[in-house]
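This report refers to the structure that appears directly beneath it.
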Amino acid sequence: MLFTDNPTIHKIELTVNNNLITQSIPTHLRLLDFLRNELNLTGAKEVCAEGECGACTVIMDGKIVNSCLVFAVEANGSEITTIEGIGKESELSDLQKAFVDHHSVQCGYCIPGMILAGEQLLKDNPTASEEEIKQGISGNICRCTGYTKIIDAVSSLTTKTQRHEEEQK
Ligand code: FES
Ligand code: FES
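With the working numbering, the residue at position 20 of the sequence shown is 988, and numbering never jumps.
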């Protein structure tokens, strides 16, 4: 991070969805606001603003974080993935397709965070059990679905489930 002539403004450089971004920002700017307001990446949502709901989840250097609790200056030098970096409407990721196939989405407000938590979980633990999936998404609150269909969607992509389905054919 570079200091500028103004001590409350910092120049940061980070990678967001594989794009290198260099920008001067105020010290107090949260990562959530940087993504939404400066980069127009509005998939991460603000609900609680205190790290409880997971609606603002992004992946930072291979870990899910609540972007409402991270200052943008803390993300200097890091690699960030937001929901916009996961898939497009015409080219959904396997997990996004699984959410559609399992009817895991109702209002959709929690879904960007849920998908990112699920993507990282499957990357870290491709054989995750149902309990491990519950643990993996425990920081993400959904007020609509009752979680079952979300867990089913993530579970459908674990190697254990896929192996079992292969054996049934
Ligand atoms: S808005 Fe960040 S955890 Fe709720
Ligand atoms: S789908 Fe509405 S909050 Fe999760």
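Don't be surprised by glycine CBs; every beta carbon is placed ideally from N, CA and C.
Shown here for V1073: same chain residues with a beta carbon closer than 8 Å to its own, the five before and five after excluded, namely F1067, I1079 and T1113 in chain order.
The beta carbon of S1123 is closer than 7 Å to those of E1098, I1101 and T1129 in its chain, skipping five residues each way along the sequence. A direct Cα-to-Cα measurement between E1047 and V1038 gives close to 14 Å. Per DSSP, the beta bridge partners of Q991 are I980.
Taken in chain order, the complete alpha helix (DSSP H) segments of 4 or more residues contained in the stretch 1091–1124 are 1098–1104 and 1116–1123. The bridge partners DSSP lists for I1032 are I1027. Bounds of any beta strand (DSSP E) do not take in E1018, whose DSSP letter is neither H nor E.
Secondary structure at E1057: coil, using DSSP grouped into helix, strand and coil.
Under DSSP, T1010 forms no beta bridge with any residue.
Relative to the Cα of M1028, the nearest Cα in the group E1042, K1137, A1096 and C1021 belongs to E1042.
Cβ atoms of V984 and T1025 stay farther apart than 8 Å, at about 15 Å. When secondary structure is reduced to three states using DSSP, T1129 falls in the helix class. Boundaries of the beta strand (DSSP E) around I1048: E1047 to T1049.
The C-alpha of E1052 lies about 30 Å from the C-alpha of R1131.
Distances from the CA of Q1088 to each of Q1103, Y1077, G1076 and K1117 were compared; the closest alpha carbon is that of Q1103.
Put simply, the backbone Cα of I977 is about 27 Å away from that of V1015. Counting of Cβ neighbours within 10 angstroms places N1008 among the exposed residues, the total staying below 16.
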